[in-house]
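Step one of this worksheet: look at the structure below.
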Amino acid sequence: PKLVYDFAEGNKDLKQLLGGKGANLAEMTNLGLPVPPGFTISAEACKVFLATGSVPPELADEIDHHVDALQQKMGKKLGQADDPLLVSVRSGAAVSMPGMMETVLNVGLNDDSVNGLAHHSGNPRFAWDAYRRLIQMFGKTVLGMDGDVFEDAIEQAKQAKGTRNDLDLDADDLKALATTFKAAVKEHTGREFPQDPREQMDLAIEAVFGSWNAERAILYRRQERIPADLGTAVNICSMVFGNLGMDSGTGVAFTRDPASGQPGVYGDYLQNAQGEDVVAGIRNTVPLADLETIDKKSYDDLMAIMATLEGHYRDLCDIEFTVERGKLWMLQTRVGKRTAGAAFRIATSLIDEGVIGTDEALKRVKGAQLAQLMFPRFDTDAEKKLITKAIGASPGAASGQVVFTSAAAVEAAGRGEKVVLVRRETNPDDLHGMIAAQGILTSRGGKTSHAAVVARGMGKTCVCGAEELEVNSSAQTITVNGTTIGAGDVISIDGTTGEVFLGEVPVVPSPVVRYFEGTLAADAGDELVASVHRLMAHADEIRRLGVRTNADTAEDAARARRFGAEGIGLCRTEHMFLGERRASVERLILAENDTDRDAALAELEPLQRGDFLELLAAMDGQPVTIRLIDPPLHEFLPSMEDLAVKVALAKERGEDPGHDAALLSAVERLHEQNPMLGLRGVRLGLVIPGLFAMQVRAIASAAAELKKQGKDPRPEIMIPLVGAVQELQLARDEVEQVLAEVAGSEGVEWVTPVGTMIELPRAAVIADQIAEAAEFFSFGTNDLTQTTWGFSRDDVEGSFFSRYLEKGIFAVSPFESIDREGVGALVKTGVERGRATRPDLKLGICGEHGGDPDSIHFFHEVGLDYVSCSPFRVPVARLEAGRAAL
Ligand code: ADP
Ligand code: MG
Ligand code: MG
4 PKLVYDFAEG NKDLKQLLGG KGANLAEMTN LGLPVPPGFT ISAEACKVFL
54 ATGSVPPELA DEIDHHVDAL QQKMGKKLGQ ADDPLLVSVR SGAAVSMPGM
104 METVLNVGLN DDSVNGLAHH SGNPRFAWDA YRRLIQMFGK TVLGMDGDVF
154 EDAIEQAKQA KGTRNDLDLD ADDLKALATT FKAAVKEHTG REFPQDPREQ
204 MDLAIEAVFG SWNAERAILY RRQERIPADL GTAVNICSMV FGNLGMDSGT
254 GVAFTRDPAS GQPGVYGDYL QNAQGEDVVA GIRNTVPLAD LETIDKKSYD
304 DLMAIMATLE GHYRDLCDIE FTVERGKLWM LQTRVGKRTA GAAFRIATSL
354 IDEGVIGTDE ALKRVKGAQL AQLMFPRFDT DAEKKLITKA IGASPGAASG
404 QVVFTSAAAV EAAGRGEKVV LVRRETNPDD LHGMIAAQGI LTSRGGKTSH
454 AAVVARGMGK TCVCGAEELE VNSSAQTITV NGTTIGAGDV ISIDGTTGEV
504 FLGEVPVVPS PVVRYFEGTL AADAGDELVA SVHRLMAHAD EIRRLGVRTN
554 ADTAEDAARA RRFGAEGIGL CRTEHMFLGE RRASVERLIL AENDTDRDAA
604 LAELEPLQRG DFLELLAAMD GQPVTIRLID PPLHEFLPSM EDLAVKVALA
654 KERGEDPGHD AALLSAVERL HEQNPMLGLR GVRLGLVIPG LFAMQVRAIA
704 SAAAELKKQG KDPRPEIMIP LVGAVQELQL ARDEVEQVLA EVAGSEGVEW
754 VTPVGTMIEL PRAAVIADQI AEAAEFFSFG TNDLTQTTWG FSRDDVEGSF
804 FSRYLEKGIF AVSPFESIDR EGVGALVKTG VERGRATRPD LKLGICGEHG
854 GDPDSIHFFH EVGLDYVSCS PFRVPVARLE AGRAAL
């Protein structure tokens, strides 16, 4: 198959093959936009390289062919001594990984052609600048040298010159640097910097392929859940030069503000600069709007092209461009990353502009983004000490101790501390630290700096370009207007306003949460809230899945209801055995005869009845699925170690351990090697007489009471951990007997469906039998994941899961997102077999997966009736259930 494509041969839909950059360069080329000619080597070639360690044998010929064509088009050749063709070798995967992989510019220069370039351009400074950049990027990227070797040499050259501005280095300085760089290459790698342009190109291509598996790229993919086997394409693009003088420059632009979603002119521009300079923050950029005064023609051209691109892609685009002596060139575009708030605002703006429909708008916002908008904000009324105000690059409110290095951030986060990573600027090696930190603060760089772009991608709070801060990483201090802040001092950063405060600032609910809570109206003037409201309404209208909540208390139930929950999918009853009720539970466990046991149960019943009264009242008119007691009883007793020590001490002092000794022997008797697989769930109910009956009586009498008050209680009783239909049948008989007794003695009627959790593989497989005795199933996907994989969640997550993720055994923890192939297949089996027996079987899911976007799509596909999740995830689940129905 063909491995190399001219830019004119591709299009934007070929991302898998050509990578995002290549596909969009092709699209722009075909739109007639000014793209420097070039070609793309497909990701297929990369896959071969990654699998075998070398590029496919036929690749060289194909590249030759395209190089020839390019040389012809450009009227100059690679390595041509008087006027060399130069190219960039650029990575570009199907999924954008900003700054994660490598690019080498100015490929094709050597000791000869640099002179030709100097002569032909009439600008020796430019030629030597280009050459030293090539050696620097090549050394770092292709030869794996430490970037500091080059940075330090540049720093020395500037110092010798008594300047801090790279533009003060003249042709001679840069020529000297090129010589120093070449010597450094020789010293560090034992080989000369390659002079043959084609060799430079081939080595750079292999380096780009190899960069797919760079540590930071792997980390980024894991963070963003990008598959590990996509590989990257490579783009060979003829060079255009922004470093030819002040009439040249390079920049980044957005067709709308990626932070707020507002229309307008957004971007950064830097005169007399090349490529990475804008993002790296070596000099401070000017706002894109200033280009209008610097170079009106290029500015107007750019505005026109941005309008074309937005119209064409029907979405926010981000753009890289270069101006070479007054001529505008487009180097990259893509549908741009944006903050969560911008995603919602852009989606509804585009509806209003008639560009997209409401379904399409709903497709473009994600549950994860909505979750971000629900994070708390700083309290505007709180007393705060503002230290500076800079650029709000990625919204959020973050407080934490100041750390100056990525390593320190990772270490502190490991200790459970909150930190804010403070740097002059970040680079791709800071990714670990950025992930570990609550927020990122930089003193250089704009909205398009590395820190800003990556933070937005991760949904992490970021303030950048805080120029008033003097960040001294080696001394571990920040000085700002006379104040000094050291490592470990707490600061707070507001990624929306760009404000930086000393100390921790209290937080308040976000406007979106206040909207869900009902304390902020959709039409109160907050545009973001209005956008969220519109898209939520559409999701609610089209979703088929119901959304319930997991709530154990009336308070949680009430909150979830305000957030849109349509009932409770899981009420755990464990907490009803805790607190001061432990004493009764101990008596229950220690009971030696029926009388003692019944007495203990009788103490518990009215207390639990009170709990159910509140809960059922809070969810009046909506179903409340109550799971009878699930955990092993010893979980309610003190630990065996503590008791043993207490008893031993008492004996030593010559005292009678009495009650403690009895408890200890009970704990020893109940001790289990594998409590997760022990005496719990329905097994408890069948073994401890009266336990389930007590709970059911409490539920039923609470319901009867509410019924008499004219309310509409809708309890549903759920039996956990069933593996055989006989277990369920026995438990069910007891439940129904109690329900009938209470209804009879209270003289009221109501309906209480009885069902079970499906959380053992056996239950899923024999769901047809189980459905005989169950009116509903709720898939307990936490336990089902544990029992299917044979993982004990508490034991595996902290130990080897990170290794499994690294090795790609799974892309995401199966406890976070449903394992479709294994656990999911059991869910599907349970659905099919259950419904075969009982077509009107009600089906839900109450594991943590109920709030996970990918899992929600799966549950929609297999035909569940509802998902149940924690109260705060309810809006996310509603939105994703709507998106799943699209
Ligand atoms: P990234 O994916 O990290 O942005 P790019 O391949 O886009 O990497 O290139 C890095 C920088 O070099 C960008 O600023 C880009 O615009 C610039 N660049 C890439 N190719 C060329 C070229 N042919 N001429 C001029 N600048 C280029
Ligand atoms: Mg780029
Ligand atoms: Mg369970």
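The sequence shown begins at 4 in the UniProt record's numbering and counts up by one. Quick reminder that beta carbons are idealized off the backbone N, C-alpha and C, glycines included.
Output the boundary residues of the alpha helix (DSSP H) element that contains residue 914.
Coverage of the chain is limited to positions 4 through 889, which leaves residue 914 absent and any answer about it impossible.
Tell me the DSSP bridge mates of I488?
Here the question's residue 488 lines up with position 485 in the sequence shown. I481.
Counting Cβ pairs closer than 8 Å, one from the stretch 716-728 and one from the stretch 627-647, do we hit at least three?
yes
Run through the stretch 302-361 for me and flag every whole alpha helix (DSSP H) of 4 or more residues, listed as ranges in chain order.
343-355
Taking only three categories from DSSP, how would you classify N118?
For this step, residue 118 is matched to residue 115 along the sequence shown. Looking at N118 - three-state DSSP - the assignment turns out to be helix.
Hey, is Q335 close to ligand 1, as in C-beta under 7 Å from one of its heavy atoms?
The sequence position of residue 335 within the sequence shown is 332, counting from 1. Yes, since a heavy atom of ligand 1 falls inside the 7 Å radius drawn around the Cβ of Q335.
What residue from G399, E386, A385, V90 has the CA that sits closest to Q375's CA?
Stepping through the sequence shown from its first residue, residue 375 is reached at position 372. When only C-alpha atoms are compared, the closest one is G399.
Going by DSSP, which residues form a beta bridge with N475?
Position 472 of the sequence shown, counting from 1, holds the residue named residue 475. Answer is T480, bridged to N475.
Report all residues from its chain with a CB closer than 8 Å to the CB of D822; omit the five preceding and five following residues, and keep chain order.
Position 819 of the sequence shown, counted from the start, is the residue given in the question as residue 822. The residues are T788, T791, W792, F813.
Do you know offhand how far residue 891's Cα is from P635's?
Nothing about residue 891 can be read from this structure; the chain reaches only from 4 to 889.
Could you check if T253 belongs to the surroundings of ligand 1, using beta carbon to heavy atom distance under 7 Å?
Residue 253 sits at position 250 when you count from the first residue of the sequence shown. T253 Cβ: within cutoff of ligand 1.
Have a look at T311, S397, C467, G825 and flag the residue whose alpha-carbon is nearest the alpha-carbon of T429.
Reading the sequence shown from its first residue, position 426 is the one you call residue 429. Comparing Cα positions, the closest option is C467.
CB of R219 to nearest heavy atom of ligand 1: below 7 Å?
For the purposes of this step, residue 219 is identified with residue 216 of the sequence shown, where counting begins at 1. R219: no, Cβ never under 7 Å from ligand 1.
Ordered list of beta strand (DSSP E) runs contained in the stretch 421-457, each at least 3 residues:
422-426, 442-445
If we count the other Cβ atoms within 10 Å of its Cβ and call it buried at 16 or more, is E502 buried or exposed?
In the sequence shown, counting from the first residue as 1, residue 502 sits at position 499. The residue in question, E502, is buried, as its Cβ has 16 or more Cβ neighbours within 10 Å.
Counting only the same chain and skipping the five closest in sequence on each side, list residues whose C-beta sits under 7 Å from that of P59.
Along the sequence shown, one-based indexing puts residue 59 at 56. Result list for P59: L6, A48, V51, in chain order.
Going by the C-beta, is E105 closer than 7 Å to any heavy atom of ligand 2?
Here residue 105 refers to the residue found at position 102 of the sequence shown. No - ligand 2 has no heavy atom lying nearer than 7 Å to the Cβ of E105.
Straight-line gap, K24 to T755 (C-alpha atoms, nearest Å):
Mapped onto the sequence shown, residue 24 falls at position 21. Mapped onto the sequence shown, residue 755 falls at position 752. One C-alpha to the other measures close to 58 Å.
Does DSSP put V255 in a helix, a strand or coil?
Numbered from its first residue, the sequence shown carries residue 255 at position 252. Correct three-state label for V255: strand.
Between P230 and G22, what straight-line distance do the alpha-carbon atoms span, to the nearest angstrom?
Start at 1 with the first residue of the sequence shown, and residue 230 comes out as number 227. Start at 1 with the first residue of the sequence shown, and residue 22 comes out as number 19. Approximately 14 Å between the Cα atoms of the pair.
Counting Cβ pairs closer than 8 Å, one from the stretch 864-872 and one from the stretch 553-571, do we hit at least three?
yes
Whose C-alpha, out of E819, M461, A603, is nearest the C-alpha of L222?
Residue 222 sits at position 219 when you count from the first residue of the sequence shown. The residue with the shortest Cα to Cα distance from L222 is M461.
Between the alpha carbons of S805 and L53, how many angstroms are there, rounded?
Locating residue 805 in the sequence shown gives position 802, counting from the first residue. Locating residue 53 in the sequence shown gives position 50, counting from the first residue. If you take the alpha carbons of S805 and L53, they lie about 23 Å apart.
With three or more C-beta pairs closer than 8 Å as the rule, is the stretch 738-745 touching the stretch 636-652?
no
From the DSSP output, in three-state form, read off P509 for me.
To locate residue 509, count along the sequence shown from 1; it is residue 506. It is coil, neither helix nor strand.
So, using beta-carbon positions, are A696 and V728 closer together than 8 Å?
Your numbering for residue 696 matches position 693 in the sequence shown. Your numbering for residue 728 matches position 725 in the sequence shown. For A696 and V728, no; Cβs fall outside 8 Å.
Coil, strand or helix - C849 by DSSP
Residue 849 sits at position 846 when you count from the first residue of the sequence shown. Three-state result, C849: coil.
Can you tell me which of R876, D797, Q611 puts its alpha carbon nearest to the alpha carbon of A557?
Here residue 557 refers to the residue found at position 554 when the sequence shown is read from its first residue. Closest option to A557, Cα to Cα, is Q611.
If you compare alpha carbons, which of S642, P261, L694 is closest to K340?
Taking the sequence shown and counting its residues from 1, one reaches residue 340 at position 337. Measuring from the Cα of K340, the nearest candidate turns out to be P261.
Within the same chain, show all residues whose beta-carbon is closer than 8 Å to that of Y807, passing over the 5 residues directly before and after it, in chain order.
For this step, residue 807 is matched to residue 804 along the sequence shown. Here the set comprises F813.
Ordered along the chain, which non-local residues of its own chain (more than five positions away) have a Cβ less than 8 Å from that of Y282?
By 1-based counting over the sequence shown, the position of residue 282 is 279. Per the sequence presented here, residue 282 reads as Val, with Tyr not at that position. Excluding sequence neighbours, V282 sits near G102, V255, G448, T451, S452, H453, V456.
So what's E719 in DSSP terms, helix, strand or just coil?
Counted from its first residue, the sequence shown places residue 719 at position 716. In the structure shown, E719 sits in a strand (DSSP, three-state: E or B).
Mapping the DSSP letters down to three states, classify A527 as helix, strand or coil.
Stepping through the sequence shown from its first residue, residue 527 is reached at position 524. In this structure, A527 counts as coil in the three-state DSSP scheme.
Identify every residue that forms a DSSP beta bridge with G41.
Your numbering for residue 41 matches position 38 in the sequence shown. BP columns for G41 point to C240.
How about S91: is its Cβ closer than 7 Å to a heavy atom in ligand 1?
Locating residue 91 in the sequence shown gives position 88, counting from the first residue. Under cutoff, so the answer is yes.
Cα-Cα separation between T408 and G485, rounded to whole angstroms:
For the purposes of this step, residue 408 is taken as the residue at position 405 of the sequence shown. For the purposes of this step, residue 485 is taken as the residue at position 482 of the sequence shown. The alpha-carbon atoms of T408 and G485 are separated by roughly 23 Å.
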